[in-house]
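Beneath this line is the structure, given in structure tokens, with notes to follow.
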Amino acid sequence: MKALCWHGKGDMRCDTVPDPGIEHPRDAIIKVTACAICGSDLHIYDGMIPTMERGDVIGHETMGEVVEIGAENTKLKIGDRVVVPFTIACGECFFCKRGFFPGCERTNPNAATAEKLWGHSPAGLFGYSHMLGGYRGGQAEYLRVPYADVGPIKVPDRLSDEHVLFLSDIFPTGYMAADFCNIQHGDTIAIWGCGPVGQFAIRSAFLLGAERVIAIDTVTERLALAQAAGAETLDFMKEDVYDRVQELTKGRGADACIDAVGTEAEASASFDSMLDRIKVATFMGTDRPHVLRQAIHCCRNFGTVSIVGVYGGLLDKVPMGSAINRGLTFRMAQTPVQHYLPSLLARIEKGDIDPSFVITHRARLEDGPELYKTFREKKDGCIKVVMKP
Numbered sequence: 498m499k500a501l502c503w504h505g506k507g508d509m510r511c512d513t514v515p516d517p518g519i520e521h522p523r524d525a526i527i528k529v530t531a532c533a534i535c536g537s538d539l540h541i542y543d544g545m546i547p548t549m550e551r552g553d554v555i556g557h558e559t560m561g562e563v564v565e566i567g568a569e570n571t572k573l574k575i576g577d578r579v580v581v582p583f584t585i586a587c588g589e590c591f592f593c594k595r596g597f598f599p600g601c602e603r604t605n606p607n608a609a610t611a612e613k614l615w616g617h618s619p620a621g622l623f624g625y626s627h628m629l630g631g632y633r634g635g636q637a638e639y640l641r642v643p644y645a646d647v648g649p650i651k652v653p654d655r656l657s658d659e660h661v662l663f664l665s666d667i668f669p670t671g672y673m674a675a676d677f678c679n680i681q682h683g684d685t686i687a688i689w690g691c692g693p694v695g696q697f698a699i700r701s702a703f704l705l706g707a708e709r710v711i712a713i714d715t716v717t718e719r720l721a722l723a724q725a726a727g728a729e730t731l732d733f734m735k736e737d738v739y740d741r742v743q744e745l746t747k748g749r750g751a752d753a754c755i756d757a758v759g760t761e762a763e764a765s766a767s768f769d770s771m772l773d774r775i776k777v778a779t780f781m782g783t784d785r786p787h788v789l790r791q792a793i794h795c796c797r798n799f800g801t802v803s804i805v806g807v808y809g810g811l812l813d814k815v816p817m818g819s820a821i822n823r824g825l826t827f828r829m830a831q832t833p834v835q836h837y838l839p840s841l842l843a844r845i846e847k848g849d850i851d852p853s854f855v856i857t858h859r860a861r862l863e864d865g866p867e868l869y870k871t872f873r874e875k876k877d878g879c880i881k882v883v884m885k886p
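Under the numbering used here, think of the first position of the sequence shown as 498, with each following residue one higher.
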């Protein structure tokens with residue numbers, strides 16, 4: 498089959514690789530009908546994610562048609578259309594029983610590697626390094642889905658692939674970011690990053706009752722899409738973010754702040770962001786937490802900082818004194834997609850939101866390597882790429 502494979506920093510190729518097969522009785526094989534490039538895939542593209550190996554198939558936003566099932570999988574049948582959550586969960590362990598699916602104790606066969614870095618291992622992920630299981634990803638013609646009687650959700654034929662594909666990751670992630678904010682009537686939510694997850698966080702904040710959303714980015718097309726959703730926008734390359742948020746909130750600060758950027762914040766945004774870039778380049782640091790620092794400072798006393806941007810290692814000079822003395826609450830997680838799927842699918846069916854609004858580029862799998870470059874460099878108004886193998 499054809500698949501997008503990582504061959505080193507900035508080197509993505511469309512290769513021919515062996516077809517997947519059933520390896521466990523609870524498995525399923527799906528024929529991929531749509532997949533997408535996620536912003537967190539760019540961290541792989543940029544060489545930021547450890548334990549990648551040349552030739553690894555990547556991608557974790559995938560849906561398709563079931564073409565083969567294991568003997569013990571009674572949930573699915575051949576021909577079902579399914580969306581596949583990016584985290585792999587067994588449904589039976591301590592964490593899965595409590596709805597904490599990204600903490601699954603069984604689905605990362607390389608848990609010991611993750612434990613060396615993080616103390617404990619999260620669940621396995623599709624197409625996201627050998628530290629997180631070494632599973633093949635879904636930017637391919639076919640995908641093997643472990644524990645397929647737990648994760649995938651069937652979707653009705655009346656909804657197109659583009660309506661439901663983003664239930665695999667970015668819609669639940671953006672919704673969770675807003676859900677973490679415990680939004681009350683009249684709240685103002687500030688969101689850093691107007692990429693795909695940020696766009697869903699903006700719309701989710703309004704769905705959950707926010708009165709105002711302040712959207713922070715510098716890419717013209719992203720800011721325009723945020724404005725179309727009703728957000729007030731702030732270009733961080735033209736305005737001082739802290740001063741402007743203070744002005745917009747009459748000096749109180751935002752009720753909650755969402756970091757939808759993560760480790761690769763813009764290196765020229767401020768003096769501290771430039772220092773972060775130097776530290777990473779000289780191996781004195783692993784992540785660039787400029788946005789997190791700013792979100793902490795812009796959050797009102799006893800507000801919430803919601804973190805859904807990907808961080809991988811150690812963060813330097815995070816202002817914990819500010820957070821502690823002002824009573825901030827931090828909430829963060831890899832998204833328990835399985836928890837949110839039923840309610841978000843219902844919202845799509847009711848017409849509350851059409852997730853396809855974020856798509857700017859549609860392509861074949863063979864176009865993937867070039868589109869990684871386009872997405873990475875934010876060229877051609879690229880916000881979200883969907884590929885149909």
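The C-beta atom is built at its ideal place from N, Cα and C for all residues, glycine as well.
Between residue i and residue j, what straight-line distance do the alpha-carbon atoms span, to the nearest angstrom?
i, j, result
"Gly937", "Ile688", "What the structure shows of the chain is the stretch from 498 to 886, and residue 937 is not part of that stretch, so it cannot be assessed."
"Val710", "Val647", "35 Å"
"Met771", "Lys876", "23 Å"
"Leu664", "Glu612", "29 Å"
"Arg861", "Lys885", "5 Å"
"Leu731", "Gly518", "49 Å"
"Glu602", "Leu662", "27 Å"
"Ala675", "Leu705", "8 Å"
"Ala500", "Ile821", "47 Å"
"Ala586", "Ile880", "29 Å"
"Val788", "Phe591", "33 Å"
"Cys678", "His627", "32 Å"
If you reduce the DSSP assignment to three classes, tell me which class residue i lands in.
i, result
"Asp813", "coil"
"Ile686", "strand"
"Tyr837", "helix"
"His787", "helix"
"Val533", "The question names Val, but residue 533 is Ala in the sequence shown. In this structure, Ala533 counts as strand in the three-state DSSP scheme."
"Ile680", "coil"
"Ala645", "coil"
"Leu501", "strand"
"Cys601", "coil"
"Gly818", "helix"
"Ile555", "coil"
"Ile575", "coil"
"Lys528", "strand"
"Val758", "coil"
"Tyr542", "helix"
From the DSSP output, read off the bridge partner residues of residue i.
i, result
"Cys593", "Answer is none; Cys593 lacks a bridge partner."
"His858", "Val882"
"Leu731", "Ile713"
"Cys511", "Leu501"
Does the beta-carbon of residue i have 16 or more other beta-carbons within 10 angstroms, so that it is buried, or is it exposed?
i, result
"Lys574", "exposed"
"Ala609", "exposed"
"Pro599", "buried"
"Glu569", "exposed"
"Thr670", "buried"
- Message: Assess contact between the stretch 668-686 and the stretch 752-770, defined as three or more Cβ pairs (one per stretch) separated by less than 8 Å. Is contact present?
- Response: At 8 Å Cβ cutoff, the stretches touch.
- Item | Three or more C-beta pairs below 8 Å linking the stretch 554-565 and the stretch 514-532 | yes
- Is the stretch 841-857 touching the stretch 815-829, taking contact as three or more C-beta pairs under 8 Å? no
- Would you call the stretch 502-513 and the stretch 540-558 in contact, with 3 or more CB pairs under 8 Å? Yes: at least three Cβ pairs fall under 8 Å.
- Query: Can we say the stretch 630-647 touches the stretch 522-529, given the rule of at least three CB pairs closer than 8 Å?
  - Reply: Enough Cβ pairs lie closer than 8 Å, so yes.
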